[in-house]
Ligand code: SF4
Ligand code: SF4
């Protein structure tokens with residue numbers, strides 16, 4: 111029997127946004143309730159991935175593949191192919207139908223001022239910048255140089271958990287981040303699924319029902335994070351379920367269990383959010399200015415996400431969109447345009463029949 | 009376009025085109041380059057954009073491929089990415105099946121409206137041709153849509169829910185009745201032919217007894233089809249606009265009008281080509297109005313959205329859309345000047361239909377290209393974010409709105 115799906119909160123009139131008159135956008139305090147669950151549903155769960163302690167061991171990827179029996183693929187998502195990406199230690203490459211966790215790996219370097227002579231040093235590649243000069247007093251001694259330097263290498267390498275020193279005038283750091291489906295508050299994939307295969311679970315997560323999906327592929331380009339994808343030979347789409355099967359049995363997701371550094375933390379979302387805020391404050395206090403939370407803000411384009419991150423650089427450096435929005439935010443205006451367009455067709459044709467017969 | 013600090017950074021990165029706000033002597037202390045403590049990282053092996061580049065000569069290396077001047081309106085932006093990989097996933101839809109589906113839906117949709125009105129205004133040949141066009145187009149659409157599914161045997165799962173948030177769900181509820189009504193109208197037309205009726209009577213012996221009701225049934229079906237014809241032509245624009253694909257999502261309010269115009273050009277053109285000139289007058293008018301609407305709307309798609317308009321000019325999409333425009337414009341010219349001759353009608357109609365096919369293919373390709381390049385995802389979002397941060401900072405009265413950032417290519 112055909113039902114009007116309540117899976118998307120877009121239809122619920124109860125708590126409609128006073129401005130837009132719908133719930134396609136903005137914070138949703140009770141995402142399961144909006145999807146039609148009774149008030150005694152379990153709390154919304156999520157992941158807090160603290161990338162500042164990730165060591166890039168990929169235990170999460172392996173645990174996920176094992177538990178969910180995911181097939182092998184190469185870094186371009188080609189099934190049953192083995193291949194190195196040739197770009198870094200990351201040979202998983204991306205999230206996809208067969209990779210529900212993906213550890214991104216970025217090697218970064220930067221020049222630093224150190225109080226040491228650089229004249230005639232072999233291998234000095236900073237020909238254009240030459241000897242470090244104190245901007246305030248070029249004659250100042252090297253200690254003052256170090257103190258006034260904007261980049262205080264000493265304090266940073268002491269506190270920035272992923273910074274090391276390589277050579278004499280360069281710092282190296284490795285950013286590692288275990289990416290996953292965000293289990294959005296406003297999930298584009300769920301909104302556009304025409305069969306109802308994608309649904310909101312009682313835990314507030316977003317899951318595909320494999321026996322319903324007909325492989326229309328609409329969810330694939332609808333996800334603003336590029337998470338869900340089609341398994342070509344199977345025809346259906348696959349993505350992280352936050353181990354729905356384990357959750358219903360009271361277990362934690364496989365990746366969170368496997369993570370040796372607690373970079374992946376699983377729990378009730380509000381608890382994780384508080385923990386993340388505290389962690390950010392600690393890092394900022396230690397001078398890690400580039401630390402930021404990603405997906406934590408419930409006023410963002412997807413209403414905040416269920417799996418959010420602490421990043422040490424801009425989101426796009428990790429392959430994440432800097433300011434994603436759920437595409438259905440603009441759907442009412444699209445439908446309006448389409449209805450107007452349809453009316454124009456009928457109007458134009460009708461007027462073409464009026465008048466002379468030729 | 010780019011605002012505030014972002015514009016500055018873009019200027020800086022593009023060499024500023026001769027703007028000299030940033031004196032580049034090349035020997036500033038390295039410590040001065042990053043704006044924020046803790047920043048200044050760049051990908052090992054990548055380019056360090058924290059250091060001002062030496063001025064580049066203007067002209068020549070614009071980086072816009074075949075020197076498309078229109079595209080050069082957007083300055084080349086610097087942005088970070090994860091090894092240049094795309095952020096969103098490319099649509100898995102088949103090409104050319106899906107753009108052809110858009111074309112057929114549009115042509116069939118317009119034809120069904122033309123057919124219904126021709127029924128009641130004494131234009132029997134136009135009505136017949138329009139109804140056949142709509143019927144064939146709708147049936148082919150159904151085949152293409154089912155073929156595009158990863159699990160075609162599960163087509164009916166589309167009808168187990170109705171979701172207004174899913175254009176594909178809404179579309180299934182448009183396509184199903186539309187194809188039923190149009191094929192009914194076309195089918196009854198076939199039965200009205202004596203040999204077909206005799207053949208059909210061998211299977212369904214009661215058919216000849218119903219023959220008297222055929223015209224009324226046909227007209228009712230034609231009206232039913234016409235009710236879904238308009239939505240059939242435009243819902244496909246919402247289908248692609250309601251994705252995270254930058255070059256489809258940004259022009260979401262204009263694409264339905266492009267599709268409506270293109271549908272009228274195709275439906276008007278095809279029925280005009282099939283019908284003798286005495287009856288084809290309305291088709292000509294529909295086609296010409298459609299061309300005007302399409303050209304006006306696509307101009308805004310191609311020029312109104314900054315960097316995400318760019319894929320509409322480049323590569324395969326650019327070629328297809330230029331060819332489409334050539335076909336559409338010359339088709340409209342032929343229709344206007346020679347449309348009252350049979351040859352002119354056929355030629356004009358064929359050109360208009362070809363133009364419509366290529367418009368859909370070009371739009372499809374532009375979206376695919378914009379999904380592939382992280383630039384089109386990152387740059388507009390970064391602009392939006394920085395504008396918001398600058399606004400928040402202005403409200404709070406702080407002078408540096410920036411989150412600490414590195415500059416990484
Ligand atoms: S991240 Fe993508 S796949 Fe995951 S819930 Fe959000 S829209 Fe769906
Ligand atoms: S591919 Fe499957 S899960 Fe995705 S939108 Fe289509 S039916 Fe829904």
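Chains as they are written, first to last, in the numbering used here: chain A, 111 to 468; chain B, 9 to 417.
Here a beta-carbon is modelled for each residue, glycine too, at the ideal position from N, C-alpha and C.
6 Å Cβ shell around residue i - same chain, five flanking residues per side excluded
i, result
"residue 396 of chain B", "none"
"residue 399 of chain B", "none"
"residue 188 of chain A", "none"
"residue 160 of chain B", "154"
"residue 326 of chain B", "none"
"residue 324 of chain B", "373"
"residue 156 of chain A", "379, 382, 416 and 417"
"residue 264 of chain B", "242 and 245"
DSSP three-state assignment for residue i, whether helix, strand or coil
i, result
"residue 296 of chain A", "coil"
"residue 293 of chain B", "helix"
"residue 116 of chain A", "Its pLDDT being 45, under 50, residue 116 of chain A is placed unreliably in this model, and the value from its coordinates should be taken loosely. Coil, per DSSP."
"residue 322 of chain A", "coil"
"residue 133 of chain B", "helix"
"residue 493 of chain A", "Since the first residue shown for chain A is 111 and the last is 468, residue 493 of chain A is missing from the structure and cannot be characterised."
"residue 97 of chain B", "coil"
"residue 260 of chain A", "Confidence is the limiting factor: at residue 260 of chain A the pLDDT is only 36, short of 50, which leaves the residue's position unreliable and the question unanswerable from this model."
"residue 75 of chain A", "Summary: the structure shown does not reach residue 75 of chain A, with chain A confined to residues 111 through 468, and so no result is reported for it."
"residue 120 of chain B", "helix"
"residue 347 of chain B", "coil"
"residue 225 of chain B", "helix"
"residue 377 of chain A", "strand"
"residue 201 of chain B", "coil"
"residue 140 of chain A", "coil"
"residue 209 of chain A", "coil"
"residue 154 of chain A", "coil"
"residue 355 of chain A", "helix"
Other residues of its chain near residue i: CB distance less than 8 Å, five sequence neighbours each side excluded
i, result
"residue 76 of chain A", "Absent from the structure is residue 76 of chain A, since the part of chain A shown begins at 111 and ends at 468."
"residue 94 of chain B", "379, 380, 381, 382 and 385"
"residue 143 of chain A", "149 and 151"
Short CB-CB distance (under 8 Å) between residue i and chain B
i, result
"residue 168 of chain A", "no"
"residue 322 of chain A", "yes"
"residue 310 of chain A", "no"
"residue 440 of chain A", "yes"
"residue 374 of chain A", "no"
"residue 444 of chain A", "yes"
"residue 520 of chain A", "Only positions 111 to 468 of chain A appear in the structure, and residue 520 of chain A is not among them; the question remains open."
"residue 460 of chain A", "yes"
"residue 383 of chain A", "no"
8 Å Cβ cutoff, residue i in contact with chain A
i, result
"residue 250 of chain B", "yes"
"residue 307 of chain B", "no"
"residue 196 of chain B", "no"
"residue 377 of chain B", "no"
"residue 365 of chain B", "no"
"residue 121 of chain B", "yes"
"residue 146 of chain B", "no"
"residue 351 of chain B", "no"
"residue 255 of chain B", "no"
Chain A residues whose Cβ lies nearer than 9 Å to that of residue i
i, result
"residue 315 of chain B", "Per Cβ cutoff of 9 Å: no residues; residue 315 of chain B is ~14 Å from chain A at best."
Interface residues of chain A facing residue i [CB-CB closer than 7 Å]
i, result
"residue 319 of chain B", "The premise fails here: residue 319 of chain B is roughly 14 Å from chain A at the closest Cβ pair, so nothing lies under 7 Å."
Chain-ordered neighbours of residue i on chain B, where CB pairs are closer than 7 Å
i, result
"residue 428 of chain A", "90"
Nonlocal neighbours in the same chain, by C-beta distance under 7 Å from residue i, ignoring five residues either side
i, result
"residue 182 of chain B", "236, 239, 240 and 243"
"residue 358 of chain B", "281"
"residue 87 of chain B", "383, 386, 387 and 390"
"residue 404 of chain A", "418, 419, 421, 425 and 430"
"residue 345 of chain A", "325"
Neighbour list for residue i in chain B, Cβ cutoff strictly below 8 Å
i, result
"residue 345 of chain A", "157, 158 and 159"
"residue 197 of chain A", "91"
Within chain A, partners of residue i - CB distance below 8 Å
i, result
"residue 87 of chain B", "426"
"residue 166 of chain B", "304, 305, 324 and 326"
May I ask you to verify whether the stretch 251-259 of chain B touches the stretch 220-230 of chain B, counting CB pairs closer than 8 Å and requiring at least 3? Short answer: they don't touch.
Would you call the stretch 286-297 of chain A and the stretch 424-444 of chain A in contact, with 3 or more CB pairs under 8 Å? Judged by Cβ distances under 8 Å, the stretch 286-297 of chain A makes contact with the stretch 424-444 of chain A, as three or more pairs qualify.
Any contact between the stretch 360-370 of chain A and the stretch 319-335 of chain A? By contact I mean 3 or more CB pairs, one from each, below 8 Å. Counting Cβ pairs under 8 Å, fewer than three are found: no touch.
Between the stretch 338-357 of chain B and the stretch 287-297 of chain B, do three or more beta carbon pairs fall short of 8 Å? Contact between the stretch 338-357 of chain B and the stretch 287-297 of chain B is present: 3 or more CB-CB pairs across the two stretches fall below 8 Å.
The stretch 105-113 of chain B contacting the stretch 442-455 of chain A, beta-carbon criterion three pairs below 8 Å: No contact exists between the stretch 105-113 of chain B and the stretch 442-455 of chain A.
Would you call the stretch 117-124 of chain B and the stretch 350-360 of chain A in contact, with 3 or more CB pairs under 8 Å? No, the stretch 117-124 of chain B is not in contact with the stretch 350-360 of chain A.
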